[in-house]
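Asks: Below: one structure in C-alpha cells.
Number of protein chains: 2
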Amino acid sequence: MKTNLKTDILKKLYFERELSCNEMSAFFKKSIPVISKAVNELIADGLVAEGGLAPSSGGRRPVMYSIKPDEMYILTVAMDQLSTRIGIVDMQNNYVSEIKMIELHLLNNNDSASQLATIINNYIDNSGIERARILAAGIGMPGFINVNEGVNYTHLPTEGISLVDFLQKHTGLTIYIDNDSSLIALSELRFGIAKAKKNVMVINLGWGIGLGMIVDGTLFRGHNGFAGEFSHIPLSEDGGLCTCGKQGCLEAEASMLVVAEKAIAGIKNGRVSSLQQSLNDKESKLAGDALMDAANKGDQYAIELLTEAGFKIGKALAILIHIMNPESIVLSGRGARVGKILSAPIQQALIKYSIPRLAVNTELLISELGFDGELIGAAVLVMENLNMKSKIIQAAVA
Amino acid sequence: MKTNLKTDILKKLYFERELSCNEMSAFFKKSIPVISKAVNELIADGLVAEGGLAPSSGGRRPVMYSIKPDEMYILTVAMDQLSTRIGIVDMQNNYVSEIKMIELHLLNNNDSASQLATIINNYIDNSGIERARILAAGIGMPGFINVNEGVNYTHLPTEGISLVDFLQKHTGLTIYIDNDSSLIALSELRFGIAKAKKNVMVINLGWGIGLGMIVDGTLFRGHNGFAGEFSHIPLSEDGGLCTCGKQGCLEAEASMLVVAEKAIAGIKNGRVSSLQQSLNDKESKLAGDALMDAANKGDQYAIELLTEAGFKIGKALAILIHIMNPESIVLSGRGARVGKILSAPIQQALIKYSIPRLAVNTELLISELGFDGELIGAAVLVMENLNMKSKIIQAAVA
DNA sequence: AAGACTTTTTTAAAAAATTTAAAAAGTATT
DNA sequence: AATACTTTTTAAATTTTTTAAAAAAGTCTT
Chain A
0 MKTNLKTDIL KKLYFERELS CNEMSAFFKK SIPVISKAVN ELIADGLVAE GGLAPSSGGR
60 RPVMYSIKPD EMYILTVAMD QLSTRIGIVD MQNNYVSEIK MIELHLLNNN DSASQLATII
120 NNYIDNSGIE RARILAAGIG MPGFINVNEG VNYTHLPTEG ISLVDFLQKH TGLTIYIDND
180 SSLIALSELR FGIAKAKKNV MVINLGWGIG LGMIVDGTLF RGHNGFAGEF SHIPLSEDGG
240 LCTCGKQGCL EAEASMLVVA EKAIAGIKNG RVSSLQQSLN DKESKLAGDA LMDAANKGDQ
300 YAIELLTEAG FKIGKALAIL IHIMNPESIV LSGRGARVGK ILSAPIQQAL IKYSIPRLAV
360 NTELLISELG FDGELIGAAV LVMENLNMKS KIIQAAVA
Chain B
0 MKTNLKTDIL KKLYFERELS CNEMSAFFKK SIPVISKAVN ELIADGLVAE GGLAPSSGGR
60 RPVMYSIKPD EMYILTVAMD QLSTRIGIVD MQNNYVSEIK MIELHLLNNN DSASQLATII
120 NNYIDNSGIE RARILAAGIG MPGFINVNEG VNYTHLPTEG ISLVDFLQKH TGLTIYIDND
180 SSLIALSELR FGIAKAKKNV MVINLGWGIG LGMIVDGTLF RGHNGFAGEF SHIPLSEDGG
240 LCTCGKQGCL EAEASMLVVA EKAIAGIKNG RVSSLQQSLN DKESKLAGDA LMDAANKGDQ
300 YAIELLTEAG FKIGKALAIL IHIMNPESIV LSGRGARVGK ILSAPIQQAL IKYSIPRLAV
360 NTELLISELG FDGELIGAAV LVMENLNMKS KIIQAAVA
C-alpha cells in the first residue's frame, strides 16, 4: 500500500474529524476499494478507529472513521514579542493539558531560543504526556521566516545553526515553525470561517498588522516565504515613523499598539474616557487589550480611535482587493474581538478607495477563532507537514 | 490511451518546440513506455513528427519530437481601446499571415463586438488559411473579464448573450478571451523572460498599468477573474482625477497616457524639447509613442517625465513586493521599450518604500517580447485551453 | 408491514500503468 | 578498433487501479 495515501487520509481525518469511505473516495478521487484497503490498514496499525453510523438520506448508513485521539499528540506554541502560549492537543484537537502563558521577550534577547527550548521541555515534563507520543511541535512566531530552511531572520537568533535544528537538538522533537499570520490563516482555512474556501485574505490584527494568504486553497508563502508583509506597505506620505525605519507604514498608522499609544497620549491631554483609570501607568501592549475591552463596552473615545484605525486598514484592504480579487477577507488575530467596530469604517474606506465591481465580490468576515487562531494554526502546521518521515507514523505503519 | 495525456503532450511540445521521450517522461512523471505509446499515436494521428537527433553527453542520441506546424493554426487577436491587431500562427509559433492592425474604438461603441467579428472573418478569408484548420481564436482585450463565463463587463457589449458565444456564432470558431495584461503575463511565462519561473509579477505598461500574476507557475486570476487590477490602487491622497472616477489612482499618476498628456501641456507652456514638433496636434495616445521614441533618443524632457512616472510605479511595486514576495517583476507591454529608463527611478522608489530584506529578493527584469506579448499570449491562451473538445483534435485523434 | 428504492460496502474480474530486464543504438576512451 | 559506458527502445511481468456486479443495510412510501 502506498503509504502516501495513508498519511493523506490521516491528515484529512484530522481536519474533518470523521469521514466515511465514500466521502474519502470522492475527495481523493480514488476508487472505494483503494480507500477501503488503506483505511483497514490504518485500523490494523492502531491509528484509526471505526465510529458510529452517520445518518443517511435513504440508504445504507455509512460507517464513519476517525483518528484515535490518544495515540499521538501535537505540541502547539504561539509566540508574540512579549509572551508565549503553549499547549498540547490530541488528534481530535482537544487540549489534553492546560494552555500556559509564559513571559518571553524576543526583542534584543540573544538567549530567547534556548529559553524557548526550556519552556517546551518543562511544559512537556509537567504535562503527563509521554514525549515519544508527541508527533511534532508547531511554533508560530513573529518575524521574517524561511519555512524551508527553518530560519527566523528577525528573532530568536541561533548561532551557526538554524532555529529548527537548534530546537530539535534541545527538545528531541520534530519542529515546524512559521510566521504567526500564516498560522492564523491556516487555522481559519482548516477550522475557521474560511473553511474550504479557495481564495481568502486573513488579516492578523495585533501589535502589527499581518496578512496570511490563502490562494487556490493553500497557504501562499511567496518566493522566500515573506509574502503577506502587509504591515509595512507605504500607505501615506507623511505618516508617523515606523519601527522599521520608514514612514507612513500601515502598522505605524493603524496597529492596535499605535491605537493604544494614541489613547494614552489623548488621555494625558485631558480627553474624557472610561479608559482614564485602566490605562494609568500600563504598558501600551496591555493598554491595547484594555482599549478593546472599553470599546466593546461602548466607550466613545476608544470607539473613535478604532474607527480611525479601521478606515486606514480599509484603505490598505482596498489595495489588497485590487491585486488579489479574493472571495473573502477575514479579520482575525487578537483584534478580531473588535471586528464589528472596525467593520463599518473598513467598509467605508473600501467604498471610497476601490472600484465597486471589485469590492462587491469580496465579503468581509470576522473570525470566530480570534486569539486562539495561532495555537490552532500551529497544530494545523504540524498536520500539513505530516509524512512518512515521522517516527511515530513509521512505527505504527511498519 | 488516455487522450488527456496526448493533449498534454501537444501543449508541452508547443511550448518547448521539441522534446525527447525521456524529457517528457521526466516532466509528466509517467514511464517511458507510456509516453512512447502516446507519442507514436500522435504521429499516427498526423499531429506530431519525428525531428532530428539531439546531441548527447556520451550515450545514444535522443530522437526529438515536435508538432507538425501546418496541420493546425491559431488565430491571435490583441486589442486595445483604439486598435486591434490580428494574426495567424502555426503550431511552431510562426506567423503564416501578415499581422494586420485595424482601427476599432471600444469606448462608447455598441457595435464593437460585431465589428470585431467582421474583422476576424475578413482576415481569415484573405489569409489563404482554411477555416477548418484553425484550432481556435485567442483574443486579448482591456476590461473586466470573466474568463469562465466568456464575458467582458467593460467593453464589447453583446445583448443577452456572452461575448464568447456571440463571436463563436458569428465566426464559427472556438473563441477564448482574456484580459490583455493576463495574456502578456502568459506570453512572458511561456516564451519570454519569465519562462518556467514560478512566481512572477508582469507589469503591462501601456495606456493603463496592468498586472498579470504568475503564482505557482500558472496565471492567477482571483475569485472572479479580476485579480491584478493594479491601475486603480489608491496611491496618493491628492492625485489627479482618474477615468474610473476616483482620485490618486496609479493609472492617473503614471500611465504612458498621462505622461503624454503632461508632455503636451508642458510644451504648450513653453518647455523646450525635441517633442515640440512631433507632439503638435497629435492625439495623446500617438503622443505616447512619440514620447517614448524621444526618450530613447535622449530627449531630456521626455526622460524627466518618464523618471517621474517610474518613481510612482516603483512605489506601487513596493506594495506588490510586500504582499506577493515575487521572485521577479517584469516590465512588459508597449512601455517595455523605455524599460531601461524606468528601471532607475523604480529601483530608487523600491529602496525608499520597501523593506530591504524583501526588495533584494525580487529582481526587476525588462521584457524582450514587448509589444508582441499580447499577440503571443493570445496564442498561448488557446494552447492552455487545448482539450479533447476541439474538433480538429477529435478528428485527428479519433 | 411489505416492497421499492437508495446508498454503502464487498468481492471479483478487467484494464491500465509502471517497473524490470534486456536488447539496441550510439559515444568516448584506451 | 575494441571495450566500457550512456541512453533509448522494446517487450514481458508485476503491480495498481478501475470497473462492474452483487450483496448488505437501511429508508421511505403506500
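Residue numbers (numbering that gives the first Met the number 0), protein chains in the order written: chain A, 0 to 397; chain B, 0 to 397. All C-beta atoms, glycine included, are put in the ideal place defined by N, C-alpha and C.
Of all the options 389(A), 229(A), 367(A) and 270(A), which has the alpha carbon lying nearest to the alpha carbon of residue 353(B)?
Replies: It is 229(A).
Asks: Let me know if residue 355(B) comes out buried or exposed under the rule of 16 or more other beta-carbons within 10 Å of its beta-carbon.
Replies: Residue 355(B) should be labelled exposed.
Asks: Can you give me the C-alpha to C-alpha distance between residue 294(A) and residue 300(A), rounded to a whole angstrom?
Replies: Residue 294(A) and residue 300(A): Cα-Cα distance of roughly 8 Å.
Asks: Return yes when the Cβ of residue 365(A) is within less than 8 Å of the Cβ of residue 330(A), no when it is not.
Replies: In this structure, residue 365(A) lies closer than 8 Å to residue 330(A) by Cβ.
Asks: Indicate the three-state DSSP secondary structure (helix, strand or coil) for residue 437(A) in the structure shown.
Replies: Examination of residue 437(A) is not possible in this model, given that chain A is present from 0 through 397 alone.
Asks: Which residues of chain B have a Cβ atom closer than 7 Å to the Cβ of residue 143(A), listed in chain order?
Replies: Near residue 143(A) (Cβ distances below 7 Å), the residues of chain B are 356.
Asks: Cα-Cα, which of 346(A), 72(A) and 157(A) is closest to residue 111(A)?
Replies: Measuring from the Cα of residue 111(A), the nearest candidate turns out to be 157(A).
Asks: For residue 379(A) and chain B, any beta-carbon pair shorter than 8 Å?
Replies: So no, residue 379(A) is outside the interface.
Asks: Report the residue ranges of all alpha helix (DSSP H) runs contained in full by the segment 61 to 134 of chain B; include only those spanning at least 4 residues, in chain order.
Replies: Taking only runs of at least 4 residues, the alpha helix (DSSP H) segments lying wholly in the segment 61 to 134 of chain B are 111 to 126.
Asks: Quick one: Cα of residue 202(A) to Cα of residue 94(A), how far?
Replies: C-alpha separation (whole angstroms): 25 Å.
Asks: Of all the options 102(A), 85(A), 386(A) and 231(A), which has the alpha carbon lying nearest to the alpha carbon of residue 139(A)?
Replies: Checking every option, the nearest Cα to that of residue 139(A) belongs to 85(A).
Asks: If distances are taken between C-alpha atoms only, which option among 42(A), 10(A), 97(A) and 128(A) comes closest to residue 380(A)?
Replies: The option with the nearest alpha carbon to residue 380(A) is 10(A).
Asks: Just tell me which of 174(B), 374(B), 89(B) and 254(B) has its CA closest to the CA of residue 311(B).
Replies: Residue 254(B) is the option with its Cα nearest to residue 311(B).
Asks: Do three or more CB pairs link the segment 371 to 386 of chain B to the segment 336 to 348 of chain B at distances below 8 Å?
Replies: Touching, no, given that fewer than three Cβ pairs across the two stretches are closer than 8 Å.
Asks: Given that a residue counts as buried once 16 or more other Cβ atoms are within 10 Å of its Cβ, and exposed if not, what is residue 100(B)?
Replies: Exposed: under 16 other Cβ atoms inside 10 Å.
Asks: Kindly indicate if chain A contains any beta-carbon less than 8 Å away from that of residue 28(B).
Replies: Output row for residue 28(B): interface = no.
Asks: Evaluate contact between the segment 210 to 223 of chain A and the segment 176 to 196 of chain A, counting only Cβ atoms and requiring at least three cross-stretch pairs below 8 Å.
Replies: Verdict: yes, contact present.
Asks: DSSP three-state label for residue 45(B), please.
Replies: In this structure, residue 45(B) counts as coil in the three-state DSSP scheme.
Asks: Could you spell out the range, first to last residue, of the beta strand (DSSP E) harbouring residue 202(A)?
Replies: Residue 202(A) -> beta strand (DSSP E) spans 199 to 204.
Asks: Between residue 78(B) and residue 368(A), what straight-line distance do the alpha-carbon atoms span, to the nearest angstrom?
Replies: So the alpha carbons of these two residues sit roughly 47 Å apart.
Asks: Going by DSSP, name the residue or residues bridged to residue 260(A).
Replies: None, per the DSSP bridge assignment.
Asks: Considering only their Cβ atoms, is the gap separating residue 226(B) from residue 398(A) smaller than 8 Å?
Replies: The structure shown does not extend to residue 398(A), since chain A is modelled only from 0 to 397, so the question has no answer here.
Asks: Look at the alpha carbon of residue 3(B) and the alpha carbon of residue 175(A), and state the distance between them as a whole number of angstroms.
Replies: Cα-Cα distance, rounded: 38 Å.
Asks: Does residue 400(B) pass the burial test, meaning 16 or more other C-beta atoms within 10 Å, or should it be called exposed?
Replies: The structure shown does not extend to residue 400(B), since chain B is modelled only from 0 through 397, so no value can be given for it.
Asks: Check whether chain A comes within 8 Å of residue 319(B), counting only Cβ atoms and requiring the distance to be less than that.
Replies: Closer than 8 Å: yes.
Asks: Using a Cβ-Cβ cutoff of less than 8 Å, which residues in the same chain neighbour residue 0(B) once the five nearest sequence positions on both sides are dropped?
Replies: Per-residue confidence for residue 0(B) stands at a pLDDT of 47, beneath the threshold of 50, marking its modelled position as unreliable; the derived number appears in the next sentence. So the list reads 36, 37 and 40, once near-sequence residues are dropped.
Asks: Tell me the rounded alpha-carbon separation between residue 370(B) and residue 115(A).
Replies: When rounded, the distance between both Cα atoms is 55 Å.
Asks: So which residues on chain A does residue 325(B) lean against when the C-beta distance must stay under 9 Å?
Replies: Those within 9 Å of residue 325(B) in chain A are 221, 222 and 226.
Asks: Taking Cβ positions only, does residue 236(A) come closer than 8 Å to chain B?
Replies: Answer yes: the Cβ-Cβ gap between residue 236(A) and chain B drops below 8 Å somewhere.
Asks: Would you say residue 314(A) lies against chain B (beta-carbon separation less than 8 Å)?
Replies: Judged by the 8 Å Cβ criterion, residue 314(A) is in contact with chain B.
Asks: Following the continuous beta strand (DSSP E) through residue 338(A), name the residue where it begins and the one where it ends.
Replies: Careful: residue 338(A) lies outside any beta strand (DSSP E), inside the alpha helix (DSSP H) at 338 to 352.
Asks: Can you check whether the C-beta of residue 310(A) is within less than 8 Å of a C-beta belonging to chain B?
Replies: Chain B contact via Cβ: absent.
Asks: Is there a Cβ from chain A that is less than 8 Å from the Cβ of residue 0(B)?
Replies: A caution first: residue 0(B) carries a pLDDT of 47, below 50, which makes its placement in the model too unreliable to give a value.
Asks: Is residue 344(A) close to chain B? Criterion is C-beta to C-beta, closer than 8 Å.
Replies: No, no contact with chain B.
Asks: Measure from the C-beta of residue 233(A) to each C-beta in chain B and report whether the shortest distance is under 8 Å.
Replies: Taking Cβ atoms only, chain B reaches closer than 8 Å to residue 233(A), which makes this a yes.
Asks: Please report how far the alpha carbon of residue 266(A) lies from the alpha carbon of residue 289(A), in whole angstroms.
Replies: When rounded, the distance between both Cα atoms is 14 Å.
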